[in-house]
Each structure stands twice: as structure tokens, then as C-alpha cells.
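Okay, so the sequence shown: first residue is 40 according to this note's numbering, each after it adds one. Worksheet: the structure to be examined is printed underneath.
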Amino acid sequence: MALANAALREASFDSEAERYEALLIKKQYQLVDNALQRALDQQERLSGGLPVLNAGMAGLTKDLHSGCDCIKNAEVLRKKLPYLLEWRKRMPKSPFAEIAVPRLRSNLAWSYRGYGYANTVSNQAWQAFRDEMTVAQKMLLEASPAARSNPEWYVTMLKVQLGLGVSEKEFRAVYDEGQQRYPDYYPIYKNAAIYFTERWFGSNAKYKQFVDDAVARTRAKLGETLFAKLHDLEYSDDMFRSGEVDWPRMKAGLERIQADYPDRYNLNVYARYACQAADWPTLRKLMVKVGNNPDKKEWDRTGPNFYDFCVSAVART
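Okay, here's the thing in C-alpha cells:
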């Protein structure tokens, strides 16, 4: 079952993020603060299982992703910053406003840098990136006790530390503290995991070790949930064929996620992975539920015709 103390909201991550963004632009700062506090106090989760608090903070600070139009995003973020500063000024005791300002500045740093390889970034872009990240880090370190005890403080600090390339010892100290305080808060694991990937400061072996440790810390309550979620972050077309990821463990995690949060998105993720692993009996059961209304964006992650391939594969087996 879903976490016993959590209240569920029937909304997608993107729609919830947009809801908070709209309130901010209307300068409904008290409503924003109240909604975030309620999401934290009641451990509100979206129907897919992600925390409402994380979606709200993402919308308020326009969290970025690789492949973004970074020049355009920098303009958007610069226009949004005055709203956050005004919120901070009007509500100086709000831990959410206190976290949101450095979080947006860290996102602005990534907009200046871009998501290309390091050797493609100009000296000017590097300087702007480091300047913004340094300011963000300073603000987080000087935050009030209320802000520093908030799960989104840890999420944001881990993002900043990744950008600044701090030592593994320093990074793990923040991760361990956040995980111990909020063992069910998935965004902490997600943002910590990136540090240990091969493209950042780790390796395939270190990433696997991080995932296994995270699963061990949460297995009593969440089973193999984090195994599935964290390996989904490092998705590859041949992850099961190569033996890089164990399908039985991935399946157990996806099964648990679908049981806890029987959301359409989670169902489609599970079915797509079952097809990728050539687990035809499991796929056949799941496709009955998916029906003729697949989440095409999710299926297209593997390829533009992957859903049609999987339908045909079920029919042949």
C-alpha cells in the first residue's frame, strides 16, 4: 500500500509544478507557502508516488533538464527571480522561499553553462556558472534552522554540490544526513545518485554500490522500489541483455511501485520494461491494463515504434 501517512493528489508532476508556478506569478505568496507547508506536513504525494512538495518547488524554480533551450531558460529564470525575492521579503520566515531563491540561482547557473561536455563550455560560461553556484551554496549554508531541516534543502544542496564538484566525503555527508532525516523522500536519493554515475564523479561499479546501499537502507519499508527507480535514471536499451541490471530485481521494484501507486504512468513504465526484458507473460498481463491508451511519451523513450513492436510481440508469443 502507499505510505500510510501520505495524502494522495490526483495530478501529474508537470501539472502540479505548473499550478505552483501560476500561483507565484499571481503573487499569491501566502497560498504558495500554505500549500507547500501542507504538502510537507501531510506527506502529500502525487498519484504516481512523487512528493507534491518536490513538484511544487520544481515549478517555482523552473527546474531544468538536459536538452533544454538554455538561452531561453536563462531569460525565463531571470524574470522569475524577482517574484521569489519578493516572496522572500514578504515572508522572511518561510523556509520554502529561503530555499527557492538559491535553487533558482543554481538552475540559472546550469542555463549559463549548458549541458554539453566540459570542453565545449566557454570560459565566460564557466565563470558565470561558478559564480551563481557559489552564491547558491552560500545562501544554503547560511539558511535558517527551519530551512536547513527541510527535505528540499537537501535536494537543493546536493544539486549545488554536484555542480561545484565537491569531494565525495563532503557530498556523502549531506546525503547521509538528508537520508537519515527523510528516508522516504525519493528526490534525495535521485539527486545523490547522479554524483556516482560514470559521467560525473563515479563509475558503473560505484553507481551499483550506491543503488544497493540505498535499497538496503529502505528495503524493510519499500522493498526493491529504489532499485527500479534509480536504475530507471540510468536507462539504456540493452540494460537487461548486457546483464548490467538484474531484471528480477527491477521487476520486483516495478511491481511494488505499481502496487503502491497504481497510476497510469507507472503501469506504462512497468509494461515498457517488461517488453524490453522480453518477459512476455508479464507483458501480456500488463498490456491488458494498458489497452489502447498507452502513454506514448513513455514508450517512445525506447524508440518511436516500440509500443507497436511490443503489441506485436505479445500477439506472437
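Idealized CB from N, CA, C, for every residue including glycine.
Worksheet item: Who are the near neighbours of V115 in its chain, counting only those whose CB is closer than 7 Å to its CB and skipping five residues on each side?
Response: K101
Worksheet item: For D215, does the count of other Cβ atoms within 10 angstroms reach 16, so buried, or fall short, so exposed?
Response: exposed
Worksheet item: The alpha helix (DSSP H) spanning G217 covers which residue range?
Response: 207 to 220
Discussion item. Assuming G95 and L75 are in contact, meaning their beta carbons sit under 8 Å apart, how far apart are those beta carbons, in whole angstroms?
Written reply: 5 Å
Worksheet item: Alpha carbon to alpha carbon, what distance is there between E125 and S150?
Response: 22 Å
Discussion item. Run through the DSSP bridge pairs and tell me what L85 is partnered with.
Written reply: R48
Fill in: Cα-Cα separation between N44 and E337, rounded to whole angstroms
The predicted model places N44 with a pLDDT of 47, which falls under 50 and marks its position as unreliable; any figure quoted below should be read in that light. Those two C-alpha atoms are separated by around 29 Å.
Fill in: Cβ-Cβ distance between I227 and Y234 below 8 Å
no
Worksheet item: Starting from D318 and walking both ways along the alpha helix (DSSP H), at which residues does that stretch end?
Response: Run containing D318: none; DSSP gives neither H nor E here.
Worksheet item: With 16 as the cutoff for other CB atoms within 10 Å, does R142 come out buried or exposed?
Response: buried
Worksheet item: Under 8 Å between C-beta atoms, does D252 make it to chain B?
Response: The structure shown contains no chain B; it is built from a single protein chain.
Worksheet item: Which same chain residues, not among the five before or five after R238, have their C-beta less than 6 Å away from its C-beta?
Response: none
Worksheet item: Around the C-beta of W286, are 16 or more other C-beta atoms found within 10 angstroms, so that it is buried, or is it exposed?
Response: buried
Worksheet item: Hey, out of L79, R77, Y193, Q69, whose CA is closest to K132's CA?
Response: Q69
Worksheet item: Terminal residues of the continuous alpha helix (DSSP H) containing D334?
Response: From DSSP, D334 is part of no alpha helix (DSSP H); its letter is neither H nor E.
Discussion item. Output needed for A56: all residues of its chain with C-beta closer than 6 Å, excluding positions within five of it in sequence on either side, in chain order.
Written reply: A94, A97, G98
Fill in: Range covered by the alpha helix (DSSP H) that runs through D277
Counting along the chain, D277 falls outside any alpha helix (DSSP H), and DSSP gives it neither H nor E.
Item to complete: Measure the C-alpha to C-alpha separation of Y274 and R129 and round it to an integer number of angstroms.
Response: 43 Å
Worksheet item: So what does DSSP say about P301, is it helix, strand or coil?
Response: coil
Worksheet entry | A148 and G202 closer than 8 Å at C-beta | yes
Discussion item. Tell me the rounded alpha-carbon separation between I110 and K177.
Written reply: 25 Å
Worksheet entry | R117 classed as buried or exposed, judged by whether at least 16 other C-beta atoms fall within 10 angstroms | exposed
Fill in: Outcome for Y300 when other beta-carbon atoms lying within 10 angstroms are tallied against a minimum of 16
buried
Item to complete: Can you give me the Cβ contacts of R152 inside the same chain, cut-off strictly under 6 Å, excluding the 5 residues immediately before and after it?
Response: V160, A164, F168
Fill in: Bridge-paired residues (DSSP) for P90
R84
Item to complete: Look at the alpha carbon of T341 and the alpha carbon of E283, and state the distance between them as a whole number of angstroms.
Response: 17 Å
Item to complete: Alpha carbon to alpha carbon, how far is F240 from D276? Give it in angstroms, no decimals.
Response: 23 Å
Worksheet item: Hey, out of T264, A186, K198, Q315, whose CA is closest to D223's CA?
Response: T264
Worksheet item: Roughly how many angstroms separate the alpha carbons of E294 and R323, rounded to a whole number?
Response: 14 Å
Item to complete: Within its chain, find whatever has a CB closer than 7 Å to the CB of P333; leave out the 5 residues flanking it on each side and keep chain order.
Response: N307, Y346
Worksheet item: When we look at the beta-carbon of S351 and count the other beta-carbons within 10 Å, is it buried (16 or more) or exposed?
Response: exposed
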